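Below is one structure, written out as structure tokens; comments come after it.
Protein chains: 2
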Amino acid sequence: MINKNAIHRKRIVHLAEGNFSLRNSKMTTGVLRYGYHESVAVIDSQYVGKTAQEVVGCGGNVPVVASLADAMKYRPEALLIGITPTGGRLPEPMKTLCLEAISLGLDVYAGLHDFLTDDEELVAAAQKHNVKLWDIRKPPKQMPVGGGLCRWAKSYISLMVGSDCAIGKMTVALEIDREAKRRGVKSEFVATGQCGIAIAGWGSPIDAIPGDFMAGMVERDVMSVDGADLILVEGQGSLLHPGFSSVTLALLHGAIPHSLILCHQTTRKEISKIKDVPIPPLPEVIEPYIRLASPFRKPELIGVCLNTSGTSEEEARAAVAEAEKTCGVPASDPVRFGAGKLVDALIEHRRKLGY
Amino acid sequence: MINKNAIHRKRIVHLAEGNFSLRNSKMTTGVLRYGYHESVAVIDSQYVGKTAQEVVGCGGNVPVVASLADAMKYRPEALLIGITPTGGRLPEPMKTLCLEAISLGLDVYAGLHDFLTDDEELVAAAQKHNVKLWDIRKPPKQMPVGGGLCRWAKSYISLMVGSDCAIGKMTVALEIDREAKRRGVKSEFVATGQCGIAIAGWGSPIDAIPGDFMAGMVERDVMSVDGADLILVEGQGSLLHPGFSSVTLALLHGAIPHSLILCHQTTRKEISKIKDVPIPPLPEVIEPYIRLASPFRKPELIGVCLNTSGTSEEEARAAVAEAEKTCGVPASDPVRFGAGKLVDALIEHRRKLGY
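Chains as they are written, first to last, in the numbering used here: chain X, 13 to 367; chain G, 13 to 367.
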């Protein structure tokens, strides 16, 4: 069983020095936007005196400060390294800051390729000050092989899938989770990538897990919240992306969902970074997902989520109408138009299946 | 580029103490049967004086000896740990033997979960004696993401796929490779699991590689032998096995094969260790493979390989005839009836495609 409370209710200060932006500090902006725990300050000396909202458009009045010392008056309990240095290594100035945070009694969380817990000096300091180091991308030592166990889950499970990678599958799941919770539905977001894990405070970085155990870890994480009304599993990659399709299939065969929500970016016409592979019409995109899952449980497509960023509202509304017509299910851009329709569809499908 | 000559032409002594059998020393029996390099002795004190052929039915006159000291007269150049201790760890007596082998100037090869190269004492000894430690299951530090590059390979590529895991996909590829080479076809076997790698002397343990890089490593390995007449990619798992399907898909989207050879064990009716998932008729088994590969290159099913072990010859012949009828392609049990038909089909398909 997962410790779901890994960083539950911690007050977080974000390290985003020199890189606080929607593009360069995805983990920080994700935690600010959806934070299941509280953000108290962001460190980036170039924006001192501004609020997070003013810099990245989310995070409300969370202040941007120049240093960890300046952040301490907001009583943080943990430092989150919300930026990834080139190559994912831990540069010396960042390590110095981690040691400072530890000595001040803060936990340190990071999604780097270099693990904090592989650094003897950091480990010794954390022990001395009785704080926790959390490597978000580090797989556990013991992992299970997938056994199709989610077929016997008591909860209703929905998986986000996509026409390509990096189109907003995590955002869709989080928007639906937020709307479901607002309505009093006992919903659980299962994070499967490092940003999602930083946001939720738990989960497994499936893309960093060896092939034999990917589906098993998804299964374990889903079953750890079995009993919820609604389990929303963050998607990764796409069956159409040859580099990441294996991660995608591990999610499908690990979670064995009752329903799928298809995510698509309306301006994307070809698979990213793969020459000459056009994205087919959405009904063709979804078909192999249903086919591959069917030996275990046939899932139903119950909604389409469009990422319409970079298009006008008129174009976005037209795209939503078109998707509803071609796929025969409710569609929305949940960031632009809200996730209400998707939550309606999930509740209705769950009821229909008798959960 | 891979160093294909990692253990090329080494004279190997196998450590199989207490476990020399078809079941318990798969790596050793694989190397004995298909050895692309030479086996000179097997250590297992319970069978001293017998030949490998007498104990496991392959390996010819390779002698079984009681100890490494006894094996030295056969002038081995490398020790292969051909058995896996419970839990995959390196027990102390085995480590002592490794140190002895190193001091005698032998390389040491192992497919353990505990890596030889993580043991400071073994590393120091290997450096001192100028020998190589090879951890067959250890992924490299730098790995690529798959980019669909095999679409531009100059070689004809065929991938073994299966109705389930552990039904003989590696054996099929090796039997076809052997028969192709016998006919003078420049064939390359691309190993994707630890036994195959031990046999071939190179390859990547795809099931031990993190999700983001699985397809990329397959792609890199296939492209490293581009130029061959025929590239045969060892299969892993099955799209029907929820625990291992992601590894299977990484092979399909990494290798982007021109053809598929479907492997099936005739006595297997349900997916192994997964409750209530019957194996569908073979044409239904193959369909999702073709569908998932098609955005990159539509592969053709060109043969069926049946593992008929445990059935009578009459039953085996009937099963082969039935598979040919339902699938419309040549079928065989290559171990029982030879791989000739499959090589014929591969050569014919390659010619048809103009390679």
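Where a beta carbon is used, it is the ideal one built from N, C-alpha and C, also for glycine.
Model, not experiment: these values are computed from the prediction.
Outcome for residue i when other beta-carbon atoms lying within 10 angstroms are tallied against a minimum of 16
i                     : result
residue 15 (chain G)  : Residue confidence for residue 15 (chain G) is low, a pLDDT of 45 falling below 50, so the modelled location carries little weight; the figure read from the coordinates is stated next. Flag for residue 15 (chain G) reads exposed.
residue 13 (chain G)  : For residue 13 (chain G), the pLDDT reaches just 39, beneath the cut-off of 50, and the residue's location in the model is therefore unreliable, leaving the point undetermined.
residue 338 (chain G) : exposed
residue 32 (chain X)  : buried
residue 213 (chain G) : buried
residue 45 (chain G)  : buried
residue 83 (chain X)  : buried
residue 288 (chain G) : exposed
residue 35 (chain X)  : exposed
residue 115 (chain X) : exposed
residue 17 (chain G)  : Its pLDDT being 45, under 50, residue 17 (chain G) is placed unreliably by the model, and nothing is read from it.
residue 195 (chain X) : exposed
residue 326 (chain G) : exposed
residue 362 (chain G) : buried
residue 240 (chain G) : buried
residue 60 (chain G)  : exposed
residue 255 (chain G) : buried
residue 161 (chain X) : buried
residue 342 (chain G) : buried
residue 65 (chain X)  : exposed
residue 171 (chain G) : buried
residue 102 (chain X) : buried
Proximity winner among the options, relative to residue i (alpha-carbon distances)
i                     : options                       : result
residue 293 (chain X) : X:287, X:136 and X:277        : X:277
residue 226 (chain G) : G:262, G:116, G:279 and G:60  : G:262
residue 324 (chain G) : G:339, G:348 and G:174        : G:348
residue 94 (chain X)  : X:67, X:266, X:330 and X:211  : X:211
residue 52 (chain G)  : G:37, G:34 and G:27           : G:27
residue 42 (chain G)  : G:107, G:180 and G:223        : G:180
residue 29 (chain X)  : X:131, X:153, X:336 and X:106 : X:106
residue 55 (chain G)  : G:319, G:327, G:308 and G:67  : G:67
residue 92 (chain X)  : X:144, X:98 and X:200         : X:144
residue 332 (chain X) : X:61, X:274 and X:366         : X:274
residue 174 (chain G) : G:23, G:298 and G:310         : G:298
residue 310 (chain G) : G:231, G:229 and G:169        : G:169
residue 344 (chain G) : G:178, G:139 and G:183        : G:183
residue 72 (chain G)  : G:47, G:152 and G:364         : G:47
residue 158 (chain G) : G:229, G:329, G:320 and G:334 : G:229
residue 22 (chain X)  : X:320, X:87, X:290 and X:176  : X:87
residue 154 (chain G) : X:104, X:125 and X:70         : X:125
residue 222 (chain X) : G:200, G:131, G:104 and G:258 : G:258
residue 317 (chain X) : X:39, X:202 and X:336         : X:336
residue 371 (chain X) : X:199, X:172, X:49 and X:96   : Outside the shown range of chain X (13 to 367) lies residue 371 (chain X), about which nothing can therefore be said.
residue 111 (chain G) : G:98, G:96, G:141 and G:85    : G:141
residue 177 (chain G) : G:152, G:156, G:205 and G:197 : G:205
Per-residue contacts from residue i into chain G (C-beta, under 7 Å)
i                     : result
residue 304 (chain X) : 251 and 300
residue 286 (chain X) : 159 and 160
residue 205 (chain X) : The premise fails here: residue 205 (chain X) is roughly 10 Å from chain G at the closest Cβ pair, so nothing lies under 7 Å.
residue 26 (chain X)  : None at all; the shortest Cβ gap to chain G is about 25 Å.
residue 307 (chain X) : 252 and 289
Contact list for residue i against chain G, beta-carbon separation under 9 Å
i                     : result
residue 346 (chain X) : Per Cβ cutoff of 9 Å: no residues; residue 346 (chain X) is ~26 Å from chain G at best.
residue 257 (chain X) : 158, 227, 258, 261, 262, 264, 265 and 304
Sheet register partners of residue i (DSSP bridge)
i                     : result
residue 54 (chain G)  : G:26 and G:76
residue 147 (chain G) : G:122
residue 63 (chain G)  : G:75
residue 92 (chain G)  : G:26 and G:121
residue 282 (chain X) : X:290
residue 200 (chain G) : G:243
residue 343 (chain G) : G:316
residue 237 (chain X) : In DSSP, residue 237 (chain X) forms no bridge with anything.
residue 173 (chain G) : G:274
Where residue i meets chain X, residues with beta-carbon distance less than 8 Å
i                     : result
residue 218 (chain G) : 223
Residue-level contact to chain C via CB, residue i, 9 Å cutoff
i                     : result
residue 269 (chain G) : Absent here is chain C; the protein component of the structure consists of chains X and G.
- Task: Count the C-beta pairs between the stretch 164-171 of chain G and the stretch 235-255 of chain G that are closer than 8 Å, then say yes if the count reaches three, no if not.
- Result: yes
- Query: Is there contact here, the stretch 279-286 of chain G with the stretch 241-259 of chain X, by at least three beta-carbon pairs under 8 Å?
  - Reply: Three or more Cβ pairs closer than 8 Å define a contact, and the stretch 279-286 of chain G falls short of that threshold against the stretch 241-259 of chain X.
- Inter-stretch contact at 8 Å, needing at least 3 Cβ pairs: the stretch 262-274 of chain G / the stretch 262-273 of chain X: no
- Message: Would you call the stretch 76-92 of chain G in contact with the stretch 355-365 of chain X, where contact means no fewer than 3 C-beta pairs closer than 8 Å?
- Response: They do not touch, by the three-pair rule.
- Task: Would you check if the stretch 173-191 of chain G and the stretch 102-122 of chain G touch, i.e. whether three or more CB-CB distances between them fall below 8 Å?
- Result: no
- Query: Below 8 Å, can you find three or more Cβ-Cβ pairs linking the stretch 146-164 of chain G to the stretch 214-223 of chain G?
  - Reply: yes
- Message: Contact between the stretch 299-317 of chain X and the stretch 295-312 of chain G is defined here as three or more beta-carbon pairs at a separation below 8 Å; is this criterion met?
- Response: yes
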